[in-house]
Structure formats: structure tokens, C-alpha cells
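Protein sequence lines correspond, in order, to chains A and B. Its first residue numbered 1034, the first sequence is counted upward by one per residue in this note's numbering. Its first residue numbered 1034, the second sequence is counted upward by one per residue in this note's numbering. Positions of the beta carbon are idealized from the N, C-alpha and C atoms, including for glycine. Worksheet for the structure shown next.
Number of protein chains: 2
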Amino acid sequence: MLSERRLEVLRAIVQDYVGTEEPVGSKALTERHRLGVSPATVRNDMAVLEEEGFIAQPHTSAGRIPTDKGYRLFVDKLAGVKPLSSPERRAIQNFLDGAVDLDDVVGRTVRLLAQLTRQVAVVQYPSLTRSTVRHVELLALAPARLMLVLITDTGRVEQRLIDCQGPFGEASLADLRARLNSRVVGRRFADVPQLVQDLPDSFEQEDRGTVSTVLSVLLETLVEETEERLVIGGTANLTRFGHDFPLTIRPVLEALEEHVVLLKLLGEAKDSGMTVRIGHENAHEGLASTSVVAVGYGSGDEAVAKLGVVGPTRMDYPGTMGAVRAVARYVGQILAES
Amino acid sequence: MLSERRLEVLRAIVQDYVGTEEPVGSKALTERHRLGVSPATVRNDMAVLEEEGFIAQPHTSAGRIPTDKGYRLFVDKLAGVKPLSSPERRAIQNFLDGAVDLDDVVGRTVRLLAQLTRQVAVVQYPSLTRSTVRHVELLALAPARLMLVLITDTGRVEQRLIDCQGPFGEASLADLRARLNSRVVGRRFADVPQLVQDLPDSFEQEDRGTVSTVLSVLLETLVEETEERLVIGGTANLTRFGHDFPLTIRPVLEALEEHVVLLKLLGEAKDSGMTVRIGHENAHEGLASTSVVAVGYGSGDEAVAKLGVVGPTRMDYPGTMGAVRAVARYVGQILAES
DNA sequence: ACTGGCACTCGGACCGGTGGAGTGCCAGGC
DNA sequence: GCCTGGCACTCCACCGGTCCGAGTGCCAGT
């Protein structure tokens, strides 16, 4: 195990490098941090840290920069989560309180997060298998054409058009609507299939086809509803990324456009608590030089979706984590209120 | 007026510069284009073109590059719209035909356009004041809580929750629903306000408050519905932009995130026919080094929204215009079918 | 175990020279 | 009058060399 001081040296290196973006040398370190030892000693420590793979040299006779492994150790053992200042908290609250609907909440959140962290923000729409059904509505648009509207407890509304095989009477429609609602309202998506399984049996022979169709559309919608949508913001912050632009930024932009990738990434994050994925831990190669800080958020005790930021591995982890956590909490509050 | 040959020289300069990204000199020009005159003559023509402001030199003794004004002339007088190749057409059709709903159509369109033009694509959701109401639904979620669902002919669905002052009976609800629909279905958004103006009068005194509330929410929704949403894709193509990255790309990314700006930009484009805004014509300073090619599209004869691309002023105008126009047409077809 | 000293390395900044592409101008030819 | 070839000039991009300093590893001394 590394000695206390060596950890301290690593922390100092990370902090300085994050601040200056330049490889940090032994002398500069001792000047900026009161390590109580001479540069020579620090050099020895650095040699050890390098051997262990926590730091690296871009080239001989240059300072050191942290490796992914170094950041990992920093995040796990050395860094706390920096709480936001109270003006910042107030700003968050003010900013989010003005939201008028779910889209607006998500939109504001993504902008807020991007601004706060000065990085790329990613916010997933709240909706998960854990969501419950608030209401199901069935309308007849034409004799053999229905519309199904599904409202979830997270405030999302989905609608589907259904072409029936034959005409479907107003009475049957009302009947189906009532039965459907009495069975599924308040239930979780995941439980719905078995709850409606036997519904067709209680209808007249001639209506069963349509009822089955409606049910299958409903189930399909529920599945799709668990597919997540997400919103991205603050891509302009990518320009702060590094020096060698085209090569660095390009794959990141590409990765960001593949929502599937991002969703997977967020999905891998732990449901509760904050997850930090650093550099190559991200699997997707376009994001090899980025870190992703993600956290679940939700209206109640359980998280219903994730949000986070994507930034260079060289980021201010404590600050970023603080901002992400704070935003997630406030958004959760807003969702709970509405 | 410029002589025929000078226009030809300008065209050649634009074409070469777009291709090579490097200032083009008189010798290279005569070698690559059969102008039938010597470099010296071309130099004289260039001097005139420069004096008139169509081209400029980055520095003395360098080749010339077109100015915004030069591109303008090129687009207006010298460039045609390059039709797509038939494989390209087929690719478009195949790609768009798989779409399952409106979101999917828009999503596919933006990706397609980005890929085809290798630039940033912007697609506005189809919905305008010209849209008509397909259906209005009213549901009682709780005794004093209603939900209003609005369906437009472009396939969009909006819902709003309404808290009533007092209870609102099922009969009144059905009544209101029926009257509302009979008045507004098939009508344009813009016409709705006057069509429903006197509706409260035909209800019992005790229901009038609620009816008024419902109507005002409906009108509000209609107004919001004319606010446009848009989707952006292909931002990774910005990396192909130029050499001096951070400075060039940054303001563009920022502009792209301000949807309001983009909407205004698209809105300024002519309703039908293609509009090309070059460089500083774009007003928004972040887009001073970009050109925007936009065109309206729609399901019927009238355009209901716009789509287009944002790229460097140094872009292949004929090709881009061809792609934009073709995509708009196919999307229109798809929308008309569904 | 830490420190100061020392020799070494290497990249980045600075500099001056060179080559080439491009220009403007002018005198001559169709 | 317009086009052309020639010529002198300009300026940037590139190249190689030099220099400087930050940083390192190692070692001997406390």
C-alpha cells in the first residue's frame, strides 16, 4: 500500500493538473502544497507512483500527469464531494422553480447542469419500469379507429392509434376503458401484463379481437415507455477540452449523438449513489478520454432516471460530483411536488 | 456588370476553394479550368473581382478566397442545384420508409441530412399556425381535475392538466367535449379562438367557470403548439470545419444550443423555395462564418415546417442544396402518406 | 529516510535562411 | 482595346540549428 504522503502527492498532482492543464513537476508541487518535504523526496515518490501506474510522463523530462488509474484512486480515496455554495444552491432552486412542465424541467436541468459544471450535461427523461400507470384513456376517433392514451405517474403521456378489425361499440369501449383502468391504475409497468391477461375473456366473442389488439398495443407502449429519452446540453463546453482538437472532440460528439450508447452508459451506473466512470472504463472508445459522472434521481425514494455530465478525464471531480448530486436532489424535489 | 468571363473566374475560384480549402491563385485556376486565357488575364480579372468585393486575399501574395458577397453571387447566379444520384435517392427513401412515428421520422431525417451533407442538420417539428385540430379530448382524472388532450393533423399530441374551481359533472363533461369537437375539429389553430368564444354562454351558470378555464387552457396550448421544437444532428461534422478550432466551432455550438435563435433563423427563410443565408447575413454573430441552407417541407401543398443544414460558408452549395431539397420532398411524402 | 547537488535529457521557443507560389505592372502582339 | 509573357517583388511556410529551462534520476551525505 502507498504511504500517506504518496497519496498526498498524488492528490496534489491531480489538483494541480486539473487546474493548470500542464504536466506538474516536483518543484512546482512543493511550492504550491505544503508537503513538508523537498522536491527530491517528491521525485522519489513520483517514481513509485509512476511504477504503480498512477501517473505518467508525456515524455522524458516532463512533469507527470495522472493516469486513469490515478484518477480512479483520487476519486475513490482522496476526493470528497464538494458541497455547493449557498448562492449556487439558491441559483439552482430559482432556475428550476420556474419550470412549467416535464419537458421544461428536463430542459432547464440540462442547461443548469451544463452551466454549473461547464461540461456536457446529459439528462434522461424520468421513466422506468418502476413507473406506474396513472390513467389509461380510450377514444373512438372513427368507428373502427381507436386512440389509446397512457399517462404515467412521472407525467409523461403517450398515445397510439389503433385500427380495429371491426366496429367497436361505444358501450364496449366504455366497458373496456373502465375495466382497464380499475386494473392497472397505480400499478407498475412491469406488473401490467399479467393483470390484463384475462381481460378479453370477459368480452363478447365479437369484441375479443379488438380488445386483444388494444391490450397488445398497450403492452407495447409500456415497453417503449421504458425506453428512455434523453437530452444533451452544453456541447460548446467541449471546446474547453484540450489542445489537439479535431481528434479529441470528434469522437465525443459522435458518441453523444448515439443516444443508445449514452443510455447504456447511464444504465450501467448504480441506481442510487453517484457513479464515476473514468476514461477507458467507459467501454465506448469515443469516450476513452472522458469521464462520466452520473447519478440517479427521482420523485420519491427510488430513482426513476439518471442524469450526469460528460467531461475530460481531467476534470474537477469533487466540484462536478457536488453539482451533479445537488441538481439531482433538486430535480427530485421538483418532480415530487408536481 | 461583370463580364461573362469574370463570373466564370469567380465560379472557378469558389469551386476550387470549396474543394481544396486553400486560397486559389491564378496559375492553378488556368490549369484546372479551361478558361481559355492566361494566368495574367485571370489576375486582372481577379483584381477587379477583389475591388468589387467578391474575393479577398488572406495576405498579400497569397491566392484569393471568396467573400460572403462572392458566395452570394455564386449561389444566386452561378450555381445550380445539383440533383442527387439515383442511388442516393434510393438510400433516402429506404432510410425514411422505416419510420414508425413522427418522432422517428424527424429523428431519421436529421440523421439522414447530416450524413448526406456531412454538415449539421436541423429539422423543425412539423406544426404551424396552419395546422388543424384533429381531435380534442377531455377526461376527468378526479372530481375537480381534468385532462385536456389535443391532437393535431400533423400527428402531435399535447396534454394539459386542469384544476377546476369546483366539481364538474360527467354529463357536463361529455357535453363540453362534444360541443368542443364539433366546433374545432378540422379547423386551423388560428381560427379556434373565435369559434369557441361563446361556448361558456350555453352552459349552466355553475359550470361556466370551469368551461372558461378549459377554453383558456386550450387556447394557450394552441399557441404553445405553434412554438416549434427542433432536432439537431451531425454536430460531429463541425470538426471538419476549419483549422483554427476553438474559435470557430465554439460560437457555432453555442448558437446551435439556442433553439430560439435557430427557430428564428429558419423562420426567416422563405416559406417555400430554398433559402440560403451566407455568413454575416445570418445576423447571429456566432454563425457569422456559417451558411444556412433551409427549405420548407410539409405533407400537402403548404409547408408546415422547415429543415436545413448549417455549415461553413465554404460549402458545396449545389450539392447541399440538392440534398436539402430532396430530403424535404421525401419527408413531405412520408408525412402525406401517414 | 530525507536532502542537496549534479549531470543529463528533452521539448518548446526563437531565429535566419530559403524556396515557392502568387501578385502587380509593363511592354509588346493580335 | 484586350490579352499575353516576362519580370521584379512580396510574403508565408518550411527547415534546421541553437538555446534555455524545467524536470528528471542518481548518488553521496546527513
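Suppose contacts are defined by Cβ-Cβ distances below 7 Å. Is residue i in contact with residue j by that definition?
i, j, result
"Arg1347(A)", "Val1325(A)", "no"
"Ala1173(A)", "Cys1197(A)", "no"
"Met1150(B)", "Val1364(B)", "Going by the sequence as given, residue 1150(B) is Thr instead of Met. No, the Cβ-Cβ distance between Thr1150(B) and Val1364(B) is not below 7 Å."
"Asp1304(A)", "Gly1329(A)", "yes"
"Pro1099(A)", "Val1047(A)", "yes"
"Gly1306(B)", "Asp1101(B)", "no"
"Phe1087(A)", "Gly1103(A)", "yes"
"Leu1062(A)", "Ala1045(A)", "yes"
"Ala1316(A)", "Leu1299(A)", "no"
"Ala1269(B)", "Leu1271(A)", "no"
"Val1225(B)", "Leu1255(B)", "yes"
Comparing the C-beta of residue i with each C-beta of chain B, is any distance below 7 Å?
i, result
"Arg1122(A)", "no"
"Leu1206(A)", "no"
"Leu1296(A)", "no"
"Glu1291(A)", "no"
"Arg1283(A)", "yes"
"His1066(A)", "no"
"Glu1287(A)", "yes"
Can you find a C-beta in chain A that's less than 7 Å from the C-beta of residue i?
i, result
"Ala1269(B)", "yes"
"Gln1152(B)", "no"
"Val1190(B)", "yes"
"Thr1272(B)", "yes"
"Glu1318(B)", "no"
"Glu1084(B)", "no"
"Glu1170(B)", "yes"
"Leu1174(B)", "yes"
Mapping the DSSP letters down to three states, classify residue i as helix, strand or coil.
i, result
"Gln1366(B)", "helix"
"Ala1089(B)", "strand"
"Tyr1158(A)", "coil"
"Arg1039(A)", "helix"
"His1168(B)", "strand"
"Ser1119(A)", "helix"
"Gln1192(B)", "strand"
"Gly1352(B)", "helix"
"Lys1303(A)", "coil"
"Pro1056(A)", "coil"
"Arg1221(B)", "strand"
"Val1325(A)", "strand"
"Leu1174(B)", "strand"
"Pro1345(A)", "strand"
"Thr1185(B)", "strand"
"Phe1142(A)", "Reading the sequence as shown, one finds Thr at residue 1142(A) and not Phe. Correct three-state label for Thr1142(A): helix."
"Thr1100(B)", "coil"
Taking residue i as the reference, give the member of the options with the closest Cα.
i, options, result
"Val1343(B)", "Val1153(B), Glu1037(B), Val1293(B)", "Val1153(B)"
"Leu1252(B)", "Gly1058(B), Glu1191(B), Phe1236(B)", "Glu1191(B)"
"Gly1266(B)", "Ala1288(A), Ser1071(A), Leu1135(A), Asn1315(A)", "Ala1288(A)"
"Ala1321(A)", "Gly1329(A), Thr1281(A), Arg1189(A)", "Thr1281(A)"
"Tyr1158(A)", "Val1169(A), Pro1233(A), Val1139(A)", "Val1139(A)"
"Arg1038(A)", "Val1256(A), Val1155(A), Val1247(A), Asp1078(A)", "Asp1078(A)"
"Phe1274(B)", "Glu1054(B), Ala1207(B), Arg1122(B)", "Glu1054(B)"
"Asn1214(A)", "Ala1080(A), Val1182(A), Ile1195(A)", "Val1182(A)"
"Asp1136(B)", "Arg1123(B), Ala1369(B), Leu1263(B), Ala1089(B)", "Leu1263(B)"
"Pro1072(A)", "Lys1060(A), Ala1316(A), Glu1257(A), Arg1065(A)", "Lys1060(A)"
"Gly1352(A)", "Val1075(A), Glu1121(A), Ala1080(A), Thr1074(A)", "Glu1121(A)"
"Ala1359(B)", "Glu1237(B), Val1337(B), Leu1295(B), Gln1126(B)", "Gln1126(B)"
"Leu1206(A)", "Thr1246(A), Val1225(A), Gln1230(A), Leu1082(A)", "Thr1246(A)"
"Leu1368(B)", "Val1133(B), His1168(B), Ala1124(B)", "Val1133(B)"
"Phe1107(A)", "Gln1238(A), Gly1058(A), Leu1295(A), Tyr1050(A)", "Tyr1050(A)"
"Pro1243(A)", "Leu1255(A), Ala1211(A), Gly1202(A)", "One point to set straight first is that residue 1243(A) is Thr, not Pro, in the sequence displayed. Considering only alpha carbons, the answer is Gly1202(A)."
Take the Cβ of residue i as the centre, count every other Cβ of all protein chains shown within 10 Å, and call the residue buried at 16 or more, exposed below.
i, result
"Leu1179(B)", "buried"
"Gly1219(A)", "exposed"
"Ser1332(B)", "buried"
"Arg1067(A)", "exposed"
"Pro1284(B)", "buried"
"Lys1339(B)", "buried"
"Val1166(B)", "buried"
"Val1293(A)", "exposed"
"Ala1361(A)", "buried"
"Arg1123(B)", "exposed"
"Val1337(B)", "buried"
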